[in-house]
Amino acid sequence: MTTANFKPQHFLWELDDRAVATVTLNRPERKNPLTFESYAELRDTFRALNDSKDVKAVVITGAGENFCSGGDVHEIIGPLTKMDADGLLEFTTMTGDLIKAIRNCPQPVISAIDGICAGAGAAVAMASDLRYGTARARTAFLFVRVGLAGADMGACAMLPRIIGQGRASELLFTGRAMSAEEGERWGWFNALVEPGELLDYAKASAGKLAAGPNMAHAATKHQLNVEWDMSINAAIDAEAAAQAACMETADFKRAYDAFVKKEKPEFMGD
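So in this note's numbering, the last spot in the sequence shown is 403, and the numbers never skip.
Right, here's the structure in full:
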């Protein structure tokens, strides 16, 4: 992926000198809902990050005082009521592919969540590796409130692993909003910060990750994904192979040399 001239049509994109990319959902007047087009463009963007050499971490946020209100009621939900079965499955597969793309890109992904984080927006946050929020953040998997199952975009698989089976079941069955305090206590949020500091905090965290051993971060993310359905013994063996591969990197040798010299290592991602 070449980011120098990358200008998406359906969200904002910024790449800073720390190799941190910021994706901003930019429809603040509607609380940043997603459309068919923005789903597809986000999916394609995160897929393309697999081949990116200049993006080392990603922050997802929303313009204004909200993260994302989910699928646009008029531009998505209305048309869905008129689709046939094939069209509906094509849509739900596409939304799931966005979550797969976020999970499968090698870069750490951080969501910076203020205000409303609902439906598909909650699923995007769920797919991120880290989540930072504010005290006014409200997260809702509200599919049941429009007559749909909580089984959407991987929520039944991923949400229980983040906050626990009973808590996830309650949120998916009722569609109620999880408060920021609950989210932090349950492990949904890694930290809560003031609204005016949220994006800078998330970017600073992403910058620290971007300055780290990128190949090792990619290996960690990959193992976190694939070990969900492994036995403990299989996971230990898989991690042995992943760690041995990391020991072949130049970053590993740099870290040792820096330690010997009592210096801070400078990781290059190779």
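For glycine and all other residues, C-beta sits at the position ideal for the given N, C-alpha and C.
Just so you know, these numbers come straight off a predicted model, no measurement behind them.
*Within 10 angstroms of the Cβ of T214, are there 16 or more other Cβ atoms? Answer buried if so, exposed if not.*
exposed
*First and last residue of the uninterrupted beta strand (DSSP E) at A154*: V153 to L158
*Starting from the C-beta of N358, find all residues in its chain whose C-beta is less than 8 Å away, skip the five residues before and the five after it, and write them out in chain order.*
These residues qualify, in order along the chain: R236 and N237.
_Helix, strand or coil for W321? Go by DSSP, reduced to three states._
coil
*For H350, count neighbouring Cβ atoms within 10 angstroms of its own Cβ and tell me buried if that reaches 16, exposed if not.*
buried
_Minimum C-alpha distance to M401 - residue among A282, F322, C201 and M348_ = M348
*Pick from C250, A260 and V156: whose alpha carbon is nearest that of M291?*
A260
*asked:* Please identify the residue among P241, I232 and N199 whose C-alpha is closest to the C-alpha of A152.
replied: P241
*Any chance the stretch 246–266 sits against the stretch 187–203, with 3 or more Cβ pairs inside 8 Å?*
yes
*Given a threshold of 16 other Cβ atoms within 10 Å of its Cβ, counted over all protein chains shown, does W146 qualify as buried or as exposed?*
exposed
*Identify, in the order they occur along the chain, each residue of the same chain with its Cβ nearer than 6 Å to the Cβ of A375, setting aside the five sequence neighbours on each side.*
Closer than 6 Å at Cβ, skipping near neighbours: A352 and Q356.
_Using 8 Å for Cβ pairs, my map puts T267 next to P328. What's the rounded Cβ distance?_
5 Å
*By DSSP, does E372 sit in helix, in strand, or in coil?*
helix
*Buried or exposed for Y265, please, with buried defined as at least 16 other CB atoms from any protein chain shown within 10 angstroms of its CB.*
buried
_So the candidates are A391, L222 and V156; which of them puts its Cα closest to the Cα of L332?_
V156
*With a threshold of 16 other CB atoms inside 10 Å of the CB of R318, please say whether the residue is buried or exposed.*
exposed
*Please name the residue, chosen from E174, I295, L175 and T382, that lies closest to D403 on a Cα-to-Cα basis.*
T382
*In chain order, which beta strand (DSSP E) runs of at least 3 residues are fully inside the stretch 260–330?*
263–266, 271–273 and 310–312
*Are there three or more Cβ pairs, one per stretch, closer than 8 Å when the stretch 178–192 is compared with the stretch 209–224?*
no
*Whole-angstrom distance between K394 and D177, CA atom to CA atom*: 43 Å
*From E396 to P293, what does the alpha carbon distance come to, in whole angstroms?*
41 Å
*Drop a sphere of 10 angstroms on the beta-carbon of F144, count the other beta-carbons inside from all chains shown, and report buried for 16 or more, exposed for fewer.*
buried
*Where E381 sits in the DSSP three-state scheme*: coil
*Assigned exposure category for D262 - 16 Cβ within 10 Å defines buried*: buried
*Whose C-alpha, out of Y389, P346, Q142 and V326, is nearest the C-alpha of Y190?*
The sequence as given places Ala at residue 190; Tyr does not occur at that position. Minimum Cα distance to A190 is reached at P346.
*Given a cut-off of 8 Å, decide if A288 and L275 are closer than it, judged by their beta-carbon atoms.*
Taking C-beta atoms as the reference points, L275 and A288 fail to come closer than 8 Å.
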